[in-house]
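Chains A and B supply the protein sequences, listed in that same order.
Counting along the first sequence from 1, when you hit position 155 you're at 155 in the working numbering, and nothing is skipped either side.
Counting along the second sequence from 1, when you hit position 212 you're at 1212 in the working numbering, and nothing is skipped either side.
Where a beta carbon is used, it is the ideal one built from N, C-alpha and C, also for glycine.
Nothing here was measured: the structure is a model prediction, and the numbers come from that model.
Scroll down for the structure; my scribbles are underneath it.
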Amino acid sequence: VLGVAGAGALAGAAGVAGFAAGHHDETAATTAGAAYPFHGEHQAGIVTPAQERLHFAAFEVTTDSREELVALLREWTKAAAAMTRGEPVGGGSPAPYDAPPEDTGEALGLTAGGLTLTFGFGPSLFDKPGLGLAHRRPRALRELPHFPADQLDPARSNGDLCVQACAHDPQVAVHAIRNLARIGFGRVAIRWAQLGFGRTSSTSTAQVTPRNLLGFKDGTANLKAEQAEDVEKFVWVQPGDDSRAGWLAGGSYLVARRINMHIETWDRTSLREQEGLVGRDRQHGAPLSGGREHTAPNFDIAGSSGPLIARDAHVRLAHPDFNGGTRMLRRGYNFTDGSDALGRLDAGLFFIAFVRNPDVHYIPMQTKLSAEDGLMEYLQHTGSGLFAVPPGARPGEYVGQALFET
Amino acid sequence: MLFRPVAAACAAALVALTGCSLTQSNASPRSGSGPVSVTSSAQACRLSSTRVKSGPAVFKIRNTGSAVTEFYVYARDGRSIVAEVENVGPGLSRDLVVSLAPGRYVTACKPGMAGTGIRGTLTATGTASSAVAGLSGSAIRQATGRYAAYVRAEADRLLPATTAFVAAYKAGDDARARKLYPRARTPWERIEPVAESFGDLDPKTDLRQADLEPGQRWTGWHRIEKDLWPPAMGYHALSPAQRATYGDDLLANVTTLHRRVQQLTYTVDQIGNGSKSLLDEVATGKITGEEDVWSHTDLWDFQANVDGARAGFTHLEPLLQVKDPALAGTIAAQFAALDRLLATYRQGGGFVSYDRVTEAQRKRLSDAVNALAEPLSKMTGAITL
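Written as structure tokens, this is what we have:
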């Protein structure tokens, strides 16, 4: 399962060993010079150690021609393979002086930057007349339901296709989306996009746990690439999961949620309340029941009034013990889009999770969190999307080929 | 809109005021000494120093044992609590900031949170003049008692106002019901943190449509609001029988609230944090116009939230004047500034409709709320230090 990411990690390590030597907490796999191959059994950008930067884009398909869409996916695959190698789109071959350059140029001279490009199909793609995909739509691929306190902006939600570009260098990630959008003009159009400036999850035990904009370590208990059995169980769609969508085996579902934080009111909240709502201490990320960051929380241990980890604490409600053992691979990013009209930071967490089945591994938990999580007083979900992520393209294939050709 | 019940700063929050370490002043913040490390294990309670300068003192408590622990600073008698930290899990650390007058104190770690603990002594050196007079128990009782009376008085206004509103709504007198709606909500919005503290009443009474869980029944103020100010398209008006159901339900819940507040008492930190959370409400719900999305009576609720926050401040102000008079002055000035700004939106007996307040005007209101909310958020910590 992990062969592809592992190979990429090693390739990256060779180039940056000198740099990484001084870093005790992170291995070379997560440093700036890493390169991950685009082709493989699974798409990269899922169990790949989470890079520092994100540019996520959702597209509308503007063509009703299946052939045009397939041609686009072929071109995207070729461009993605080049860019993840750190090469320009079009391979840098000479072009007429009077023609615009094939690659937009801003990544020339930069490394691959650990770029991964992960493609997904939204539910609305399968409704498009002319594409002939309705009968292949995965059963769990629907718009996510309304969760309590959702305040979704339609202009920041859903889409026919999505591309998640992750890299250690923001210029590399933006370059990738810019060039893919350019290739797509006439067949697809950007519906919405989101930049993320700092990862909020670790997807490898080699990474330190980062902090979200609430100031707390996030994703301590996240599913990690090294936990191979759970990755199979909770991330990859298995053959036989969905008789209508056998093409999705080896793929996953991508859940995207733009979660705004009420930063200003949070900052006025006492440390007692902040830690109580999260259920961890702020300094080290240890559960309030004691120990260190990676100590398992003890939800039964009592304090002077009720359990040390409160009944509405985030760490309790999101824990596998209270969700039928379910785990998620989260791959979210801190974001800010500047300030809103009232001068408040327009900032929060762009939540991304990869799950085997959203009906089982995401929707029930989010329903509970939205209703009961004490943190919700400081959160507002403003964007949403669910996408089926096809398996990886093997050399010579294009991404999503199984959907169109098997 | 939901409030979260404010986490009590002291154990058994409704009872023990003396547990809140309210007996000393936090003036002269530059005096005092470096942090005292306290190591609490199963058998020992080790302080890095048992002599500190009077004034602000910092204790860094680290729990090296396997049980949940607490740390106390008692007065010389070993019984009156000057300051405490509780609920420190094994392996965790927590800071305690306290202002100490010169004199002798008794310290205690309580691994397992039971018994008299592992005791020691502590001396705060210096002269009495370096510490300003502390807060008397009677001053605290007076402040909290008067706030409790304020809540009861608002509940006494709420009940008849809601009764009249529901009567007009059930009778189909929509014009009158629309007039009474923001007026009846005013006492509710002034004491909403109290309603929220019960957990069940606020969701039944004040949930907005967007807050609903799948399958949850929508009841309360905003359900009726939508029926009185229905959307232009695609809305089915409630029948007289449905009106009676929703109206009676609202009145029943308000009656329950009125009954429950009669015996209620409050701690200093509940009052202070309640004031802070009322302004959070304004900042996240009213400023954006999300609270009264059908009636656009948000400015009524805005003013009521500010009134409620000010009531908390006014009742605690005598205590804050002792502890931090400069902060008290800042808060008072910002309340006055916000009131002046709100007054410019008054119209007739009430306020202009919020959909006629421009983005630029909302920004000015938001700035004024932030200018007040930031110092107000420091009030509880300043008093309970």
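DSSP places B:Met1233 in the coil class of the three-state scheme, outside both helix and strand.
When Cβ-Cβ separations below 8 angstroms define contact, A:Ile263 makes no contact with chain B. Taking a Cβ-Cβ cut-off of 7 angstroms, the neighbours of A:Gln151 in chain B comprise Ala1210, given in sequence order. The beta carbon of B:Arg1185 lies closer than 8 angstroms to those of Trp1221, Thr1297, Trp1300, Asp1301 and Ala1304 in the same chain, with the five residues before and after it left out. Taken through DSSP and simplified to helix, strand or coil, A:Met261 comes out as strand. Scanning its chain for C-beta atoms nearer than 6 angstroms, with the 5 sequence neighbours on each side dropped, one finds around B:Gly1117 the residues Ala1108, Cys1109 and Lys1110, in chain order. By the criterion of a C-beta distance shorter than 6 angstroms, B:Trp1188 is surrounded in its chain by Leu1158, once the five residues flanking it on both sides are discounted.
When Cβ-Cβ separations below 8 angstroms define contact, B:Leu1201 makes no contact with chain A. Uninterrupted alpha helix (DSSP H) stretches at least 4 residues long and entirely within the segment 1099-1176 of chain B occur at 1137-1170, given in chain order. For B:Asp1355, the nearest beta carbon of chain A is not closer than 8 angstroms to its own beta carbon.
Secondary structure at B:Thr1265: coil, using DSSP grouped into helix, strand and coil.
Residue-level contact by beta carbon fails for B:Leu1299 and chain A, as no gap is shorter than 8 angstroms. Near chain B, meaning a CB-to-CB distance below 9 angstroms, the residues of the segment 367-384 of chain A are Thr367, Ser370, Ala371, Gly374, Met376, Glu377, Tyr378 and Gln380. Where A:Thr336 is concerned, the enclosing beta strand (DSSP E) starts and stops at Tyr333 to Ser339.
Rounded to whole angstroms, A:Ala44 and A:Ala225 show a C-alpha spacing of 12 angstroms. Considering only A:Lys217, A:Gly91, A:Leu110 and A:Ala112, the residue with the shortest C-alpha distance to A:Glu102 is A:Gly91. Cβ neighbours of B:Leu1338 within its own chain (closer than 7 angstroms, five residues either side excluded): Val1306, Ala1368, Val1369 and Leu1372. Runs of beta strand (DSSP E) with 3 or more residues, each lying fully within the segment 286-356 of chain A, are found at 333-339 and 345-355, listed in chain order.
Close to chain B, meaning a Cβ-Cβ distance shorter than 8 angstroms, are the following residues of the segment 338-350 of chain A: Ala341, Leu342, Gly343 and Arg344.
Put simply, the CB of A:Ser157 is far from chain B, with every gap to its CB atoms at 8 angstroms or more. Minimum Cα-Cα distance from B:Arg1183 among the listed residues B:Phe1351, B:Arg1362 and B:Leu1279 corresponds to B:Phe1351.
Within the segment 1300-1313 of chain B, no residue places its CB atom closer than 8 angstroms to a CB of chain A. Nearest Cα to A:Asp346 within the set A:Ala256, A:Ala112, A:Asn334 and A:Gly159: A:Asn334. For B:Leu1100 against B:Val1052, the beta-carbon gap comes to about 7 angstroms, under 8 angstroms, which counts as contact. Comparing C-alpha distances from A:Arg268 to each of B:Asp1280, B:Leu1257 and B:Thr1265 shows the shortest one belongs to B:Asp1280. Residue contact check for B:Leu1092 against chain A: a CB pair falls below 8 angstroms. DSSP places B:Lys1226 inside the alpha helix (DSSP H), whose first and last residues are Trp1221 to Leu1228. The alpha-carbon of B:Arg1094 is positioned some 12 angstroms away from that of B:Pro1035. A:Phe387 sits away from A:Val235, with the two beta carbons spaced by 8 angstroms or more. Three or more Cβ pairs drawn from the segment 135-148 of chain A and the segment 235-248 of chain A lie within less than 8 angstroms of each other, which places the two stretches in contact. With a contact defined as Cβ atoms closer than 8 angstroms, A:Ala249 and A:Gln238 qualify at about 6 angstroms. Boundaries of the beta strand (DSSP E) harbouring A:Val188: Val188 to Gly196, taken from the DSSP string.
With a 10 Å radius around the Cβ and a threshold of 16 neighbouring Cβ atoms, A:Tyr362 comes out buried.
As a beta-bridge residue in DSSP terms, B:Val1085 pairs with B:Phe1071.
Annotated as distal: A:Phe299 and A:Gly159, with beta-carbon spacing of 8 angstroms or more. Check the Cα spacing between B:Ile1224 and each of B:Val1282, B:Gly1215, B:Asn1273 and B:Ala1177: the tightest is with B:Ala1177.
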